[in-house]
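I have placed the structure first, in the form of structure tokens, so that the comments after it can refer back to it.
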Amino acid sequence: MKLMLITGTRKGIGHSLALLYLQAGFQVVGCSRGNASIEHDNYVHYCVDVSDEKAVSYMVKDIKKHHGIIDVLLNNAGMASMNHLLTTTMSKAKQVFETNFFGTFLFSREVAKQMMRKKQGVIINYSTVAVALNLEGEAVYAASKSAIESLTRISAKELGQFGIRVNAIGPTPVETDLIRQVPKEKLDELLNAQVIKRFGTVADIKNVIDFFISEKSHFITGQVVYLGGVMR
Amino acid sequence: MNRKITDIVLDAIKSVGEMEDKPELLHPDENLRLFGGDGVMDSLSIVMLISEVEDQLLDTLDVSITLADDRAMSQKTSPFRSVKTLVHYISKLLDE
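Residue numbers (this note's numbering), protein chains in the order written: chain L, 1 to 232; chain C, 1001 to 1096.
What follows is the structure, encoded as structure tokens:
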């Protein structure tokens, strides 16, 4: 049974993906700041702040101790911040980078230390179409995801020699909590910038993840795949 | 305590030797030079060793520490130079 670690499984896309991969026969370890919202024989939950270095390091070691080496890491935990640059507070900017970038960095580092011993593993990070589209009102959010794209490409180079592949998905907006605060006009504008003008779905995201984790994809690393026909 | 830490480090070196198929790491002793000069490990083996030692510290002593932190990297004498320096560095971290 393959072991998948998904960060941010309490709600939204992470929650849905955890359920789908449990259904597909994976053992899933999830985490969030709050308590578990999934009950399943093959699901284990950790309450952790993804930007807390000590907690993340302990969690990953504990997973290895009790469940073995992780096969797939899905750095799903993230937070959005839609705001004009001039009205974005420093504390919000820090918060966005802590969850999005530092969370992805910490889990990648700790999990890769385990995967390198097995000489295999797949890490999937989350970017966003906001990076490719340079969306106004998303300067800090898109910057944090741009940092994740660089992390993806460079860590793919550094970890390739250990048989670890690192890729990223750039989803379009999906109707979840993350975009609840975004005004309708803004979302329409965003959808219009896509080649395929509709919201993304969890199934769209899972399709790309399935591609990345497929054993047939062992020649694919360092790539960022945007949904909806968005191009850089 | 130093004996236990030494055993953990020696065990971890052996594990890296097995994983990396490096016979020179299979029978380590306390005087082994690890990194730099005539050290037996390259930087990749050191990364594996760090990870192996961190895991074994959790398994055996139930402590979770990060060995490759800013302090370790900025020391004049690298804690990863030899078995002795590494054992000394770990026991210092555990005392804090």
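We put the beta carbon where it would ideally sit given N, CA and C, even for glycine.
Next on the checklist: Can you tell me whether L1094 (chain C) is buried or exposed? The criterion is at least 16 other CB atoms within 10 Å of its CB, across all chains shown.
Outcome noted: So L1094 (chain C) counts as exposed.
Next on the checklist: What does DSSP give as the partner residue(s) for M4 (chain L) in the beta ladder?
Outcome noted: In the DSSP output, where bridge partners are listed per residue, M4 (chain L) has L:V28, L:V72.
Checklist entry - If you compare alpha carbons, which of C:V1087, C:E1052, C:S1045 is closest to E1030 (chain C)? => result Nearest to E1030 (chain C) by C-alpha distance, out of C:V1087, C:E1052, C:S1045, is C:V1087.
Checklist entry - Given that D1059 (chain C) touches chain L, what residues does it touch there, using C-beta distances under 7 Å? => result One finds K65 in chain L with Cβ atoms closer than 7 Å to the Cβ of D1059 (chain C), taken in chain order.
Item to check | Within chain L, partners of M1019 (chain C) - CB distance below 7 Å | outcome: R117, listed in chain order.
Item to check | CA-to-CA distance, N125 (chain L) to E1052 (chain C), given in whole angstroms | outcome: One C-alpha to the other measures close to 25 Å.
Next on the checklist: Helix, strand or coil, according to DSSP, for I1090 (chain C) in the structure here?
Outcome noted: Looking at I1090 (chain C) - three-state DSSP - the assignment turns out to be helix.
Checklist entry - By Cβ distance, which residues of its chain are closer than 6 Å to T1085 (chain C), with the 5 residues on each side in sequence left out? => result Cβ neighbours of T1085 (chain C) within its own chain (closer than 6 Å, five residues either side excluded): P1079.
Checklist entry - Taking contact to mean at least 3 C-beta pairs separated by less than 8 Å, is the region 15 to 24 of chain L in contact with the region 200 to 208 of chain L? => result Below 8 Å, enough C-beta pairs join the region 15 to 24 of chain L and the region 200 to 208 of chain L to call them touching: three or more.
Next on the checklist: Under DSSP, the alpha helix (DSSP H) around H66 (chain L) begins and ends at which residues?
Outcome noted: Start and end: 53 to 67.
Checklist entry - Can you find a CB in chain C that lies within less than 8 Å of the CB of Y46 (chain L)? => result At a cut-off of 8 Å between C-beta atoms, Y46 (chain L) does not count as an interface residue with respect to chain C.
Next on the checklist: Check for me: the alpha helix (DSSP H) holding V1053 (chain C) runs from which residue to which?
Outcome noted: V1053 (chain C) -> alpha helix (DSSP H) spans 1043 to 1061.
Item to check | Secondary structure of G1039 (chain C), DSSP reduced to three states | outcome: Note: G1039 (chain C) maps to coil in three-state DSSP.
Checklist entry - Going by the beta-carbon positions, is the gap between N167 (chain L) and T152 (chain L) smaller than 8 Å? => result For the pair N167 (chain L) and T152 (chain L), the CB atoms are nearer than the 8 Å cut-off.
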